[in-house]
Amino acid sequence: MPPTKLPESGNPLVFLDITLGGEPLGRIQIELFRDVVPKTAENFRQFCTGESKNSAGRPQGYKGSKFHRIIPNFMCQGGDFLNNDGSGSTCIWGYKSFEDENFTLKHDQPGLLSMANAGPNTNGSQFFITTVPTPFLDNKHVVFGKVVDGMDVVKKMEATKTGYAAPDRPNLDIVISQCGEM
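Just so we're aligned: -1 in my numbering is position 10 of the sequence shown, and the numbers increase by one with no gaps anywhere.
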């Protein structure tokens, strides 16, 4: 395997290793746009590395968490490592959410990493990866990264059957088995 090429921008590069039904699916590599949205990028980076600690001083983050929502021709959503069902959220600063940093970047292509939220200024740990351009999300969700390798893995996730337990919930668990910074 050739060495990982870090972004020329100096932005962090993180990875998510994904399993589907307990079987390895592949690795997604994501450039975090620290140069545009530093606070949002750092929140995600720390949840990837496990640097963030909860109120009990224990590491918290994406390792072992599920992608709980898959909508074909739209996005794959994860990041609720508290409940694994889309109901939980937290941020690295010790509270449930933080403000929208800015809306400079647009949802103009597949493979963008954006904050899932429950309205203005409710960003936490949940995120989604777009599978198509989604301009209707512009100025509502903060774009803070882009898949630079592993979009084939995202497309396999997107193709996973859903609906047995809930309409957009994958029938087989899609899990972040390992994650970190490159």
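Ideal Cβ positions, reconstructed from N, Cα and C, are used throughout, including at glycine.
Residue state for L2 is assigned as strand, using DSSP reduced to three classes.
Contact check for K135 against F92 fails: the beta carbons are separated by 9 Å or more. E20 carries a strand assignment under DSSP once its states are collapsed to helix, strand and coil. Secondary-structure assignment with DSSP links Q167 through a beta bridge to D6.
Taken through DSSP and simplified to helix, strand or coil, K52 comes out as coil. Pairing P13 with E147, the inter-Cα distance amounts to about 15 Å. Listed in chain order, the non-local C-beta contacts of G77 below 6 Å within the same chain comprise D69, L71, local neighbours out to five positions each way being set aside. In the DSSP assignment, F92 forms no beta bridge with any residue. Taking all protein chains in view, the Cβ of Q98 is surrounded by fewer than 16 other Cβ atoms within 10 Å, so the residue is classified as exposed.
Within the same chain, Cβ atoms closer than 8 Å to the Cβ of G15 are found at D6, I7, G139, D141, V142, K145, the five residues on either side in sequence being excluded. Around the CB of Y84, fewer than 16 other CB atoms lie within 10 Å, so the residue is classed as exposed. By the criterion of a C-beta distance shorter than 8 Å, C80 is surrounded in its chain by N32, S86, F87, N112, G113, S114, once the five residues flanking it on both sides are discounted. DSSP places E147 within a helical segment (H, G or I) once states are collapsed to three.
In this structure, I163 is the residue among G169, E170, I163 with its C-alpha nearest to the C-alpha of N73. The Cβ atoms of I19 and L102 sit closer than 9 Å to each other. DSSP lists M64 as the bridge partner or partners of T119.
Counting of Cβ neighbours within 10 angstroms places S(-2) among the exposed residues, the total staying below 16. For F125, there is no enclosing beta strand (DSSP E), as DSSP marks it with neither H nor E.
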